[in-house]
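Novice: Following this message is one structure expressed as structure tokens.
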Amino acid sequence: MNNFEASHSLHSNLKDPENTVIVVTGISGFLGSHIAKQLLAMGYQVRGTLRSMKRAADIQALIIQNGIQDKNRLSFHEADLLNDRGWENAVKGADYVIHAASPFLTYVPKSEDEVIKPAVEGTKRVLQAAVKAGVKRVVLTSSIAAVIYGDGQSPYNESHWTGNDPKKVTPYYKSKTLAEQFAWNFAKENNLELSVINPGAILGPVLEKDYGTSAEIVVKLLKGEFIGLPNIGFAMVDVRDVAELHIRALFHPKAAGERFIAAADFKWFSEVAETLRKGYPEYDKAIPKRNLPSWLVKLVSRFDPAIKTVVKDLDNERRVSNHKARSTLGWQPRSSEEAILATAESVLEQGIV
0 MNNFEASHSL
10 HSNLKDPENT
20 VIVVTGISGF
30 LGSHIAKQLL
40 AMGYQVRGTL
50 RSMKRAADIQ
60 ALIIQNGIQD
70 KNRLSFHEAD
80 LLNDRGWENA
90 VKGADYVIHA
100 ASPFLTYVPK
110 SEDEVIKPAV
120 EGTKRVLQAA
130 VKAGVKRVVL
140 TSSIAAVIYG
150 DGQSPYNESH
160 WTGNDPKKVT
170 PYYKSKTLAE
180 QFAWNFAKEN
190 NLELSVINPG
200 AILGPVLEKD
210 YGTSAEIVVK
220 LLKGEFIGLP
230 NIGFAMVDVR
240 DVAELHIRAL
250 FHPKAAGERF
260 IAAADFKWFS
270 EVAETLRKGY
280 PEYDKAIPKR
290 NLPSWLVKLV
300 SRFDPAIKTV
310 VKDLDNERRV
320 SNHKARSTLG
330 WQPRSSEEAI
340 LATAESVLEQ
350 GIV
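Heads up, the sequence shown is in numbering that gives the first Met the number 0, so the first residue is 0 and it goes up one at a time.
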């Protein structure tokens with residue numbers, strides 16, 4: 000039994016899934032689209048939020064495939080994280096909400112409010128709408144960025160929280176932490192059933208050319224855009240497994256009031272490169288072999304906004320534990336190698352590389 004079949008089996012005893020409405024915020028995103036695909040395959044009604052309805056037709060075409068023919072079970076509502084308009088209507092009449100929409104910047108902003116404001120205020124808008132609609136449960140997408148940059152030690156678990164040390168914390172890490180902390184406080188004050196998923200770097204099958212940020216690692220390695228390999232690593236996970244864990248947390252009775260780390264295992268850049276070299280030997284010349292000294296990466300980060308976002312991770316092996324998700328929810332993620340190779344296969348099929 001594969002992961003998807005296991006997830007489907009877990010929820011097959013639910014009554015009347017075709018009349019169960021689940022709102023997925025950020026349905027056009029890398030994770031949101033995979034969550035929607037799995038929910039539709041299970042027979043649920045999916046209502047996705049978009050910042051602009053101009054993308055509705057494209058997203059519908061993207062999601063309605065692989066044998067899912069009933070377009071009537073997928074609908075869209077326009078709602079922006081920075082605007083009150085649309086959220087009440089988007090959630091009205093829904094049974095559950097998965098809040099997967101989240102801002103992510105590929106540079107360190109001049110003002111941290113550029114990323115913190117939409118993260119916290121967007122979460123507030125979604126949760127307020129959920130309370131008003133009387134939904135049964137909300138599952139929030141957070142990040143291990145809200146877990147691993149505090150006073151804890153590797154391997155980190157769900158009891159750990161990112162702190163405020165500017166030497167460790169970027170505006171993005173801070174935004175994920177503050178948004179999740181707000182969600183927990185709001186849920187307690189409003190008697191809202193909440194579960195939180197904290198994914199690592201999300202890889203896996205890219206569905207379109209507007210792909211997830213984490214997939215950029217694989218794209219740039221295959222394109223030969225790295226002059227060398229920085230001593231940076233991340234806990235990684237396949238997007239299909241993250242989507243499945245959201246769905247398990249949505250329905251499992253033991254998931255209420257809990258956070259779950261979604262990560263397979265930790266990989267250094269050099270290990271990602273080696274996995275790609277073995278899987279796609281025709282790209283051997285493009286994929287760098289030499290390691291970059293950390294002092295040089297720090298120097299380059301002064302001029303490259305993208306590198307500046309990850310420079311705090313240099314030489315740090317921040318591993319995490321997925322024991323809670325496995326033991327409580329029966330989650331069984333693919334290996335990081337599988338996620339890396341699935342990313343590569345999809346970006347080649349999409350013509351991104």
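Where a beta carbon is used, it is the ideal one built from N, C-alpha and C, also for glycine.
In this text the structure is predicted, and so the values were computed from the model without any measurement.
Since residue 171 and residue 308 should fall inside the 8 Å C-beta cutoff, what is the C-beta to C-beta distance between them, to a whole number of angstroms?
Specialist: Position 172 of the sequence shown, counting from 1, holds the residue named residue 171. Position 309 of the sequence shown, counting from 1, holds the residue named residue 308. Their Cβ separation, rounded to whole angstroms, is 7 Å, which keeps residue 171 and residue 308 in contact under 8 Å.
Novice: If you count every other CB in all the chains shown that lies within 10 Å of the CB of residue 223, and 16 or more means buried, which is it?
Specialist: Position 224 of the sequence shown, counted from the start, is the residue given in the question as residue 223. It is exposed - the Cβ of residue 223 has fewer than 16 other Cβ atoms within 10 Å.
Novice: If residue 90 sits next to residue 132, beta carbons under 8 Å apart, how far is it from one beta carbon to the other, in whole angstroms?
Specialist: Here residue 90 is taken as the residue at index 91 of the sequence shown, counted from 1. Here residue 132 is taken as the residue at index 133 of the sequence shown, counted from 1. Indeed, because the Cβ distance is near 4 Å, the residues count as touching under 8 Å.
Novice: Rounded to the nearest angstrom, what separates residue 23 and residue 243 at their Cα positions?
Specialist: As a working note, residue 23 is residue 24 in the sequence shown. As a working note, residue 243 is residue 244 in the sequence shown. Roughly 13 Å between the two C-alpha positions.
Novice: For residue 15, which residues in the same chain have their Cβ closer than 8 Å to its Cβ, ignoring the five residues on either side in sequence?
Specialist: Start at 1 with the first residue of the sequence shown, and residue 15 comes out as number 16. Result list for residue 15: empty, nothing under 8 Å.
Novice: Alpha carbon to alpha carbon, how far is residue 31 from residue 212? Give it in angstroms, no decimals.
Specialist: Position 213 of the sequence shown, counted from the start, is the residue given in the question as residue 212. Position 32 of the sequence shown, counted from the start, is the residue given in the question as residue 31. Their backbone Cα atoms lie some 13 Å apart in a straight line.
Novice: Assuming residue 29 and residue 210 are in contact, meaning their beta carbons sit under 8 Å apart, how far apart are those beta carbons, in whole angstroms?
Specialist: By 1-based counting over the sequence shown, the position of residue 29 is 30. By 1-based counting over the sequence shown, the position of residue 210 is 211. About 6 Å; that satisfies the 8 Å criterion.
Novice: Please confirm whether residue 320 and residue 117 have their CB atoms less than 9 Å apart.
Specialist: The residue labelled residue 320 in the question sits at position 321 within the sequence shown. The residue labelled residue 117 in the question sits at position 118 within the sequence shown. Their beta carbons are not under 9 Å apart, which means residue 320 does not touch residue 117 by this criterion.
Novice: Where does the unbroken beta strand (DSSP E) through residue 267 begin, and where does it stop?
Specialist: Reading the sequence shown from its first residue, position 268 is the one you call residue 267. Segment 264-267, the beta strand (DSSP E) holding residue 267.
Novice: Need the endpoints of the beta strand (DSSP E) that residue 194 sits in, please.
Specialist: In the sequence shown, residue 194 corresponds to position 195, counting from 1. 193-198 is the span of the beta strand (DSSP E), which, as asked, contains residue 194.
Novice: Would you be able to state if there are at least three C-beta pairs under 8 Å between the stretch 118-138 and the stretch 230-243?
Specialist: No: the two stretches stay apart, fewer than three of their Cβ pairs being nearer than 8 Å.
Novice: Could you check which residue in 257, 296, 300 has the C-alpha nearest to that of residue 159?
Specialist: For the purposes of this step, residue 159 is identified with residue 160 of the sequence shown, where counting begins at 1. Answer by Cα proximity: 257.
Novice: Could you round the C-beta distance between residue 313 and residue 299 to whole angstroms and report it? I think they count as a contact, below 8 Å.
Specialist: For this step, residue 313 is matched to residue 314 along the sequence shown. For this step, residue 299 is matched to residue 300 along the sequence shown. Between residue 299 and residue 313 the Cβ distance is about 11 Å, and since that is not below 8 Å, they are no contact.
Novice: Helix, strand or coil: which one does DSSP assign to residue 315?
Specialist: Taking the first residue of the sequence shown as position 1, residue 315 is located at position 316. In the structure shown, residue 315 sits in coil (DSSP, three-state: anything other than H, G, I, E or B).
Novice: Measure from the alpha carbon of residue 60 to the alpha carbon of each residue in 81, 36, 51, then state which is nearest.
Specialist: Position 61 of the sequence shown, counting from 1, holds the residue named residue 60. Out of 81, 36, 51, 36 has the C-alpha closest to the C-alpha of residue 60.
Novice: Can you tell which of 344, 126, 45 has its C-alpha closest to the C-alpha of residue 207?
Specialist: Numbered from its first residue, the sequence shown carries residue 207 at position 208. That would be 344, whose Cα lies nearest to the Cα of residue 207.
Novice: Taking only three categories from DSSP, how would you classify residue 125?
Specialist: Here residue 125 refers to the residue found at position 126 of the sequence shown. It is helical.
Novice: What's the C-alpha gap between residue 346 and residue 188?
Specialist: Within the sequence shown, residue 346 is the residue found at index 347, counting from 1. Within the sequence shown, residue 188 is the residue found at index 189, counting from 1. Approximately 44 Å between the Cα atoms of the pair.
Novice: What's the gap between the Cα of residue 218 and the Cα of residue 190?
Specialist: Translated into the one-based positions of the sequence shown, residue 218 becomes position 219. Translated into the one-based positions of the sequence shown, residue 190 becomes position 191. Distance between the alpha carbons of residue 218 and residue 190 is about 43 Å.
Novice: What residues match up with residue 44 in a beta bridge as DSSP calls it?
Specialist: Taking the first residue of the sequence shown as position 1, residue 44 is located at position 45. Looking at the DSSP assignment, residue 44 forms a beta bridge with 20.
Novice: Return the chain-ordered list of same chain residues with a C-beta closer than 7 Å to the C-beta of residue 52, the five sequence neighbours on each side being excluded.
Specialist: For the purposes of this step, residue 52 is taken as the residue at position 53 of the sequence shown. Same-chain partners within the cutoff: 75, 77.
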